[in-house]
Amino acid sequence: MLVNMSLAFVAFYVVHMIGITVGYHRLLAHRAYKCNKIVEYVLVIAGYLGFESSPMWWATLHRAHHRYTETELDPHAPRFGLYRAYIGWFLHRNYPEHIRPELLSKDLVNDPLYKFLDQNGNWARGHLLNSFINFSLRGVMALVWGWEIAAASLAAALFVQQMPLLLNVVCHLPKAGYKNFNTRDESVNVGWVAFLTLGEGWHNNHHAFPGSARHGLKPSEIDPSWIIIRAMKALGWVTWMNEVSIDTPFKGLQGPLPPLTHEPTAEPIPLPQVPALVAATIASELSPLTPELVPVSVPSQTRHVVRTRLQSNRR
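One gets our numbering by counting positions in the sequence shown from 1 and adding 31 to each.
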């Protein structure tokens, strides 16, 4: 029994991790390759069943991380505290002013599946829906295949769910790894994180070339997710992919980070308040109310920074 559970754990872990790395990250967040909708949905569902919540939410937050890397507008920069970087950013009620799908994910906002899973931008509802679907699936699995397989699947999914959170912190700690490129951020390559995340830990390479489907650029930087994308290309499931090499000239921002100018926006919900928020959200589900976005209080100086960046992006 233990052997079967262990094998099932590894199998489910790999499937859900592929859904995150190949589906959520390199496809939805960065459009590093192209495939048809069937392949896209299969990959995204594999990630969704790893407790990764709304695909639109995930991609939008990740695009914001790259747009505002290591600044006050970055959703999860460790320089503002490890709690905020690991889980605090996850606990907002709605999209902050500068992180909205209409701004950062125009290619996803009209997809009916992603719109449904995003629950009108209500983060709490989106997370609850994800949890309900995930736990319900494991209940069905227990009835069909037995509790051992269901338990292995649940454990693998919960373990996978922690990997992007771990990466957000560890791969932005300068002493945790090394740099191949002098990016204007604290991203580093961390081998053991790359092993656990099928190649995502080559994070400095990724920040140097965010649109690349390939993250491991040196022979020693093994990137299973890239190998999977190449295999899908050979099978005809991928029609185009963006690839760089270690010799590709880096033309991004270089040098040290700019000094902090103001406090981060939209502080996360304190952990002790989370149970009350979840209870209130469940209670609201008992009545058929259309959720509305709750206004986020943003300092005036931050609003000025956002307006300035938006104006520069339109030019």
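Backbone N, C-alpha and C fix where the C-beta goes; we use that ideal spot for every residue, glycine too.
Just so you know, these numbers come straight off a predicted model, no measurement behind them.
| Item | Value |
| --- | --- |
| Residue from W176, K282 and H129 whose Cα sits closest to the Cα of H238 | K282 |
| Three-state secondary structure (DSSP) of W154 | helix |
| Buried/exposed call for F163, threshold 16 Cβ in 10 Å | exposed |
| Buried or exposed (CB count within 10 angstroms, at least 16 for buried), G54 | buried |
| Euclidean distance between Cα positions of D254 and F166 | 31 Å |
| Entirely enclosed alpha helix (DSSP H) segments - the segment 76-115, minimum 4 residues | 86-98 |
| Residues that W233 bridges to, as DSSP identifies them | N220 |
| Exposed unless 16 or more other CB atoms sit within 10 angstroms - verdict on F40 | buried |
| Under 8 Å between C-beta atoms of Y44 and P86 | no |
| Per DSSP, cross-strand counterpart(s) of V269 | C66 |
| Rounded separation between V75 and E101 - CA only | 27 Å |
| Three-state secondary structure assigned by DSSP to N141 | coil |
| Whole-number beta carbon distance between E231 and H96, since they are thought to touch under 8 Å | Actually they are not in contact, since the Cβ atoms of H96 and E231 sit about 13 Å apart, beyond 8 Å. |
| Cβ contact (3+ pairs, closer than 8 Å) linking the segment 124-131 and the segment 61-69 | no |
| Buried/exposed call for M32, threshold 16 Cβ in 10 Å | exposed |
| Straight-line Cα distance separating D149 from A155 | 10 Å |
| Contact the segment 198-210 vs the segment 102-111: 3+ CB pairs below 8 Å | yes |
| Any chain C beta carbon closer than 8 Å to E217 | Absence of chain C from the displayed structure is noted, only one protein chain being present. |
| Other residues of its chain near L288: CB distance less than 6 Å, five sequence neighbours each side excluded | The predicted model places L288 with a pLDDT of 48, which falls under 50 and marks its position as unreliable; any figure quoted below should be read in that light. So the qualifying residues of the chain are E101. |
| Coil, strand or helix - Y209 by DSSP | strand |
| Run of the alpha helix (DSSP H) containing I51, from where it starts to where it stops | Premise fails: I51 is in no alpha helix (DSSP H) and is neither H nor E. |
| Residues that N125 bridges to, as DSSP identifies them | N153 |
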